[in-house]
Amino acid sequence: MTEFFLMDGHGAYVWSAYGITLAVLILNVRLARAKHRSALQRARELAAQAEAPRKQPTVRRLQ
Amino acid sequence: MKLPRWFHQLGSPPYVYRLADRLCPWLGWLGVSLLVVGAYWGLVIAPPDYQQGESYRIIYIHPQTAYIGMMSYVVMAIAAGIGYVWRLKLAHAVAVSAAPIGAWFTFCALFTGAVWGRPTWGTYWQWGDPRIMFEALLLFLFLGYLALRGAFDERDKADRVTAILAVVGVVNIPIVHYSVEWWNSIHQGPTILRAGGPAMTNDMLAPFLIMVAAFTLTFYWLLLRRLQGEIVEREGDARWIRELVGAGTP
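Protein chains in written order, with our numbering: chain A, 1 to 63; chain B, 64 to 313.
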């Protein structure tokens, strides 16, 4: 088992390559999800704004 | 010429959004499963290389990440070009979604190449080596594209200006690909797509190709998920988005 992780002295190179690639994959999944979620949240806020009854007068006074 | 209906539907944001919802579970699960199978096969089952020993196992992720980086660029450039010529907003959304994914995979290709170069060539990095330099240029094209976008407040303007950069930069793709044949490079030549067939035995070729498929599926999964976020962001308060987020229509 130890032999497998040492990779004949090349373990540090092989495992860092696989480790960084895995980390980048996970990061990309999270980034894509975060973007999707924040966009939906923004859309929800916009929808709530549009639904809220307007209290301000629609005609603004000139200043 | 009459184009089929599904072709026109690909220009419709709500249609593409729902299509992505249907495709993503398949792409995601298949991609991740193949990544696990390919990595196990490549790291554990495949025999060591007769020259490079164990360090060669990076071949199951390095060419794949490099290829995904290049494919991201081609997808970005084609989408940006379509968006520019036909003023199709959805195409620009695809281009924007591909850029960060491409940048990350190109970074992976450079990193895995460096840690493969150390035990194989005796160096992490070789200034002036054509393959390494043009691959680094690819990363800077992605970063330049994203930085240029950030310089505009107006999205339409950003779309149009960055589309030009994306399309012009595509000349770098064949250069990256053929750099090991056109110039003397410390980088090894093609292993799979070469005259006389792949220079690999089948017990190495199988995990190699599984990883190619795995990264490709994963890339399209990430692209579609990013595209969904981009569509929602761009469509803003369109009626179908309001229905999507569960708000009733006034």
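In this text, a Cβ means the ideal position worked out from N, Cα and C, and glycines have one as well.
- Distance from the CA of residue 19 of chain A to the CA of residue 176 of chain B, rounded to the nearest whole angstrom, comes to 14 Å.
- Contact holds between the stretch 87-105 of chain B and the stretch 261-274 of chain B, because three or more Cβ pairs, one in each stretch, are under 8 Å apart.
- According to DSSP, residue 207 of chain B shares a beta bridge with no other residue.
- In the structure shown, residue 300 of chain B adopts coil according to DSSP, grouped into three states.
- When B:127, B:232, B:283 are compared, the shortest CA-CA separation from residue 173 of chain B is found for B:127.
- In summary, residue 107 of chain B is exposed, with fewer than 16 beta-carbon neighbours lying within 10 Å of its beta-carbon over all protein chains present.
- Listed along the chain, the chain B residues whose CB falls inside 7 Å of the CB of residue 26 of chain A amount to none; the nearest CB is some 11 Å away.
- For residue 126 of chain B, the enclosing alpha helix (DSSP H) starts and ends at 125-149.
- Using a Cβ distance threshold of 8 Å, residue 105 of chain B and residue 281 of chain B do not count as a contacting pair.
- Relative to the Cα of residue 142 of chain B, the nearest Cα in the group B:159, B:131, B:132, B:129 belongs to B:159.
- Judged by DSSP in its simplified three-state form, residue 112 of chain B adopts strand.
- Within chain B, the residues placing a beta-carbon under 7 Å from that of residue 21 of chain A are 124, 128, 171, 175, ordered along the chain.
- The Cβ neighbour count for residue 291 of chain B, taken over all protein chains shown within 10 Å, is at least 16; the residue is labelled buried.
- Shown here, residue 215 of chain B sits in coil according to DSSP, grouped into three states, outside any helix or strand.
- Sequence-ordered contacts of the stretch 33-45 of chain A with chain B read 33, 34, 35, 36, 37, 38, 39, 40, 41, 42, 43, 44 [C-beta pairs closer than 9 Å].
- Nearest to residue 185 of chain B by alpha-carbon distance, out of B:118, B:109, B:92, B:299, is B:118.
- Residues of the stretch 271-289 of chain B with a C-beta less than 8 Å from any C-beta of chain A: 281, 285, 288, 289, listed in chain order.
- Here the stretch 209-225 of chain B makes no contact with the stretch 251-270 of chain B; the two share fewer than three CB pairs at distances below 8 Å.
- About 6 Å separates the CB atoms of residue 308 of chain B and residue 47 of chain A; that is less than 8 Å, so the two are in contact.
- Judged by their CB atoms, residue 39 of chain A and residue 295 of chain B are nearer to each other than the 8 Å cut-off.
- Ranked by Cα distance from residue 276 of chain B, the options B:256, B:97, B:81 are led by B:97.
- Interface residue (Cβ-Cβ distance to chain B less than 8 Å): residue 7 of chain A is classified as such.
- The alpha helix (DSSP H) runs lying completely inside the stretch 213-293 of chain B and spanning 4 residues or more are 218-231, 235-245, given in chain order.
- CA-CA distance, residue 87 of chain B to residue 81 of chain B, rounds to 10 Å.
- Of B:144, B:166, B:167, the smallest CA-CA separation from residue 156 of chain B is found for B:144.
- By the CB criterion at 8 Å, residue 24 of chain A and residue 170 of chain B fall inside the cutoff.
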